[in-house]
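J.: Under the working numbering, the sequence shown has 229 at position 170, and the numbering climbs by one with no breaks. Even glycine gets a Cβ: it sits at the ideal position worked out from N, Cα and C. The model shown is predicted, which means the values in this text are computed figures rather than measured ones. Can you read through this structure? Questions will come right after.
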Amino acid sequence: MQKRVVFLDIDGTTVDVRGKVPESTKAAIREAKENGHKMVICSGRSRFQIYKELLALGMSGIVGAAGAFVEADGREIYHAYIDADHQKSSYEYLERHGFLFCYQNDDGIDINQRSSDGIIAFFRRRGMNERRLKRLLGNMHITDTPWMNKKNEKIIYYEAPFGVAKVHRELAPYFDTVAISLEGMDDYAGEIGIAGINKATGMERYLREVGIDRSESIAVGDGPNDLQMMEYAGIGVAMGNALESVKDRADMVTDTIDRDGLYKAFVKLGLIG
């Protein structure tokens, strides 16, 4: 059996809307590992936001913060941070237009009081329970100068006054903006990262480190920020609960997360019996 590297998104792919890792997902990952395949988290989340349940399954690597950091077998091999000038200019832009936003870094999020209050209210209105809210927001550092953390990796925003495409245009060329992958989000929530750094570039760095060709890689996702990784991989798999635009560009579509979608995909791909 040819050994593969499988890059796994988190929200909507390995973790459901309740913040749980389905038992069939755990079984799929464990069995695939036993068969010699490498399982790698590939997420927009920073390190502190990654579910301990997933890490406990013994991942071979992490591509985090949408490619801003990469780990292979517990070793950090790459880490990128927003430069000082663009930290300040992005803050001024987002604050001026009234976005709710935060800066993600290694050990938490840096955020001002206005956005903190707004984001918490935003998720509570959508029925997110306190446990999952705490997992998502993690260590929240409230400050009047959230742009000043030298280790800020990316920016997350909600309730923008206009769509993702306009944000992308206005923050280019230094930044790249994509829609966020959390279920229920619309075109007015997104992720802002350094242009030229994304899940696909993180995958490339990981594969180069472990000496495996991209043709032997598989990527599984469900949201618009998963498209680059799905298209870079040898095989791109969309979950059954993925957006139609994501399914249309996938090599394969499996079942939904709550109907054993990951396990079924692994069987069909020959990763497990």
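Within a Cβ cutoff of 7 Å, which residues of the same chain sit near I331, ignoring the five residues on either side of it in sequence?
T.: A87, E90, A91, N94 and F325, listed in sequence order.
J.: DSSP three-state call for H145: helix, strand or coil?
T.: Looking at H145 - three-state DSSP - the assignment turns out to be helix.
J.: Pull up the CB-CB distance for S276 and A292, whole angstroms please, since I reckon it's below 8 Å.
T.: With a Cβ gap of about 5 Å, S276 and A292 count as contacting.
J.: Answer yes if the stretch 192-211 comes into contact with the stretch 283-292, meaning at least three C-beta pairs across the two stretches below 8 Å, and no otherwise.
T.: Contact between the stretch 283-292 and the stretch 192-211 is absent, because fewer than three Cβ pairs lie under 8 Å.
J.: Can D317 and D132 be called in contact, C-beta distance under 7 Å?
T.: Their beta carbons are not under 7 Å apart, which means D317 does not touch D132 by this criterion.
J.: Please list the segments of the alpha helix (DSSP H) lying wholly inside the stretch 230-316, counting only runs of 4 or more residues, in order along the chain.
T.: Complete alpha helix (DSSP H) runs here, min 4: 258-269, 286-291 and 303-306.
J.: Given a cut-off of 7 Å, decide if D165 and K210 are closer than it, judged by their beta-carbon atoms.
T.: Taking 7 Å as the Cβ cut-off, K210 and D165 qualify as a contacting pair.
J.: State the CB to CB distance for the pair Y265 and V65, rounded to an integer number of angstroms; the pair is presumed to be in contact (CB under 8 Å).
T.: Rounded, the Cβ-Cβ distance is 12 Å, inconsistent with contact.
J.: What are the boundary residues of the beta strand (DSSP E) that includes Y130?
T.: Inspection of the sequence shows that residue 130 is occupied by Glu rather than by Tyr. Start and end: F128 to A131.
J.: If you drop the 5 nearest sequence neighbours on each side, which residues of the same chain put their C-beta closer than 6 Å to that of L321?
T.: The answer, listed in chain order, is T84 and A87.
J.: For L67, write down the residues that DSSP places opposite it in a beta bridge.
T.: Its beta-bridge partners are I100 and V279.
J.: Mapping the DSSP letters down to three states, classify F221 as helix, strand or coil.
T.: If DSSP states are grouped into helix, strand and coil, F221 belongs with coil.
J.: Considering just the uninterrupted stretch of the beta strand (DSSP E) at F160, what are its terminal residues?
T.: Unbroken beta strand (DSSP E) run through F160: L159 to N164.
J.: If we call anything under 7 Å between Cβ atoms a contact, is D281 one with N300?
T.: Cβ atoms of D281 and N300: closer than 7 Å.
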